[in-house]
């Protein structure tokens, strides 16, 4: 004869609250700010180097004044993806490291909902990082470009690259949440993500593009219309977007599935 | 059960949890009723925390069930409004302040955030709401855990070692607070590895050791059957033989220069001594203290 003391809230309302709780977790500590400063520095250095570095004859990167070179400059403003995947990873591993996962699951024992809410919250954070990175990177690029070239600014491509960067950062943040769930140890997860993204994948994408363009990082290159060494092109924007979404859904689903019955001790 | 009655019954039935090579909980069954404070006792490693984690849906039992009001924790419509819990090894992000820690939980659980300052006030942390938890003492963390448990104004409270890290004043406060909550009709389950820490608080005890149930009874019954009689005599050998002949169930042990007799009352011993013409210098019933009983119960299960 048990009775429910209050009417069950609409599923959507409960899910919205969970996302908002996840966002409050992020904004109630200082890490997001440190990472955002990282985004600005990383993109600032990347853009400045891309534009100002002396061009070497026979260099395998496209020349700055070509349309490909210009697109690569604005594509560099997508650099926030690196911070998006790291903050996503930490979003989960910190819960394990500080043992806050217990409270999280006591407040909402339906683990799938918690996972989905976390991924939704971090996709928003990734998108914000992406947008800040693009805004800062574009302003810096537009200020520095006249020092080196008077080639036409590819305005249309810039908008497409901006949208692609923001989408890419959102997806990378979700990928980070999934990887943090699977690797669990914070230091191992962050190191693993950085080694993969900056070294393993970067080499595969640059030197084995046939294979590398199907990886998450290669897909991001496609989304931002980048041109690789020796005029390598990656997947078209729509195809690359689908590939990156596919990776994110795959890892997200594996992460959610492994969380269902795992003991939280 | 109606909507006006506060507490619900906790039922643990045939609960078993096997972790790799360790059977942490072994076919454990007991129930905990409303309006009482129940002490969940056992030495460290007895399986208390694992049992509570099974009850709260954090650990999946190998077999058996642990339910609240007949439901699994994840099937409760508003879990934190039905059950408030504070578990050991539950952490805080050191950089988040007390108020935000509770706001996150309230938001996730669908509890009005106006409740946050109320519970902080209740546990005596009203002056520390904007301090980072990283700077909190163990006692303050315990209070914050308790505040989190109280957020949903729940009818059932499950507290794992809540007295750990509290100073004597804090323990006295906790005792009064738990008595008050049980007095309102709530179900209060408190674990501890030290009986003396909770003996003035609990009405009932559930004692486990090595994952198995040792005793589940009202505290007052715990010492029944554990009293003994102290006998002093110049001829212990003679008395021991006489007792063996006339009261074969009595168990006699020598301690210091006295005999401790279990399972025979003072009158019986006096009569047997009189019949055997043994001179007595002292014949005194003594009750074991609770901690001794607790240790003998939990130690007994290890052999």
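Chains as they are written, first to last, in our numbering: chain E, 1143 to 1407; chain L, -16 to 286.
Built from N, CA and C at the ideal position, the CB exists for glycine as well.
Since the model is a prediction, treat every value here as computed from it, not as a measurement.
Excluding the five sequence neighbours on either side, which residues of its own chain have a C-beta within less than 7 angstroms of the C-beta of residue 1253 of chain E, listed in chain order?
Reading the first chain from its first residue, position 111 is the one you call residue 1253 of chain E. These residues qualify, in order along the chain: 1247, 1401 and 1402.
Pairwise C-alpha distance: residue 153 of chain L and residue 119 of chain L
Along the second chain, read from residue 1 onward, the residue named residue 119 of chain L stands at position 136. Along the second chain, read from residue 1 onward, the residue named residue 153 of chain L stands at position 170. Approximately 15 angstroms, taken between the alpha carbons.
For residue 1167 of chain E, count neighbouring Cβ atoms within 10 angstroms of its own Cβ and tell me buried if that reaches 16, exposed if not.
As a working note, residue 1167 of chain E is residue 25 in the first chain. That one is buried.
7 angstroms Cβ cutoff met for residue 27 of chain L and residue 1170 of chain E
If you number the second chain from 1, residue 27 of chain L lands on position 44. If you number the first chain from 1, residue 1170 of chain E lands on position 28. No, the pair does not count as a contact, with Cβ atoms beyond the cut-off.
Roughly how many angstroms lie between the CA atoms of residue 1344 of chain E and residue 74 of chain L, to the nearest whole one?
The residue given as residue 1344 of chain E occupies position 202 in the first chain. The residue given as residue 74 of chain L occupies position 91 in the second chain. Using only the alpha carbons, I get a separation of about 37 angstroms.
Beta-bridge pairing of residue -2 of chain L - partner residues as DSSP gives them
What you label residue -2 of chain L is simply residue 15 of the second chain in a count that begins at 1. In the DSSP output, where bridge partners are listed per residue, residue -2 of chain L has L:11.
In chain order, which alpha helix (DSSP H) runs of at least 4 residues are fully inside the segment 134 to 179 of chain L?
151 to 166
Starting from the C-beta of residue 1214 of chain E, find all residues in its chain whose C-beta is less than 8 angstroms away, skip the five residues before and the five after it, and write them out in chain order.
Residue 1214 of chain E sits at position 72 when you count from the first residue of the first chain. Once the five neighbours on either side are set aside, the close Cβ partners of residue 1214 of chain E are 1192, 1203, 1204, 1368 and 1369.
Beta-carbon within less than 7 angstroms of residue 201 of chain L's beta-carbon, same chain only, minus the 5 sequence neighbours each way: which residues are those?
By one-based count along the second chain, residue 201 of chain L stands at place 218. The answer, listed in chain order, is 186 and 187.
In this structure, how does DSSP classify residue 276 of chain L when only helix, strand and coil are distinguished?
Against the second chain, residue 276 of chain L aligns to sequence position 293. Looking at residue 276 of chain L - three-state DSSP - the assignment turns out to be helix.
What residues from chain L crowd round residue 1159 of chain E, counting only those whose CB sits closer than 9 angstroms?
Along the first chain, one-based indexing puts residue 1159 of chain E at 17. Per Cβ cutoff of 9 angstroms: 90, 91, 92 and 93.
I'd like to know whether the C-beta atoms of residue 88 of chain L and residue 1249 of chain E end up nearer to each other than 7 angstroms.
As a first step, residue 88 of chain L must be located in the second chain, where it is residue number 105. As a first step, residue 1249 of chain E must be located in the first chain, where it is residue number 107. Going by C-beta atoms, residue 88 of chain L is nearer than 7 angstroms to residue 1249 of chain E.
State the Cα-Cα distance for the pair residue 1404 of chain E and residue 1300 of chain E, rounded to the nearest angstrom.
Numbered from its first residue, the first chain carries residue 1404 of chain E at position 262. Numbered from its first residue, the first chain carries residue 1300 of chain E at position 158. Roughly 45 angstroms between the two C-alpha positions.
Beta-bridge partners of residue 237 of chain L, as assigned by DSSP:
Position 254 of the second chain holds residue 237 of chain L. Paired residue(s): L:242.
Please confirm if residue 1290 of chain E has its CB atom under 7 angstroms from at least one CB of chain L.
For this step, residue 1290 of chain E is matched to residue 148 along the first chain. Not closer than 7 angstroms to any Cβ of chain L, the Cβ of residue 1290 of chain E fails to qualify, so no.
Beta carbon of residue 91 of chain L, beta carbon of residue 192 of chain L: below 7 angstroms?
Locating residue 91 of chain L in the second chain gives position 108, where the first residue counts as 1. Locating residue 192 of chain L in the second chain gives position 209, where the first residue counts as 1. Their beta carbons are not under 7 angstroms apart, which means residue 91 of chain L does not touch residue 192 of chain L by this criterion.
To which residues of the same chain is residue 277 of chain L closer than 6 angstroms at the C-beta, ignoring the five residues directly before and after it?
Locating residue 277 of chain L in the second chain gives position 294, where the first residue counts as 1. So the qualifying residues of the chain are 178.
Less than 7 angstroms separating the beta-carbons of residue 142 of chain L and residue 199 of chain L?
Within the second chain, numbered from 1, the residue matching residue 142 of chain L stands at position 159. Within the second chain, numbered from 1, the residue matching residue 199 of chain L stands at position 216. Cβ distance not < 7 angstroms, so residue 142 of chain L and residue 199 of chain L don't count as in contact.
How about residue 38 of chain L: is its C-beta nearer than 7 angstroms to some C-beta of chain B?
Absent from the structure: chain B. Protein chains present are E and L.
Counting only Cβ-Cβ distances shorter than 9 angstroms, please list the residues of the segment 1388 to 1406 of chain E near chain L, keeping chain order.
1403, 1404, 1405 and 1406
Under 7 angstroms between C-beta atoms, does residue 74 of chain L make it to chain E?
One-based indexing of the second chain puts residue 74 of chain L at position 91. Yes, residue 74 of chain L counts as interfacial toward chain E.
Chain-order list of residues whose beta-carbon lies under 6 angstroms from that of residue 1318 of chain E (same chain, five-residue window excluded)
Here residue 1318 of chain E refers to the residue found at position 176 when the first chain is read from its first residue. Closer than 6 angstroms at the Cβ level, and outside the excluded window around residue 1318 of chain E, lie 1227, 1230 and 1231.
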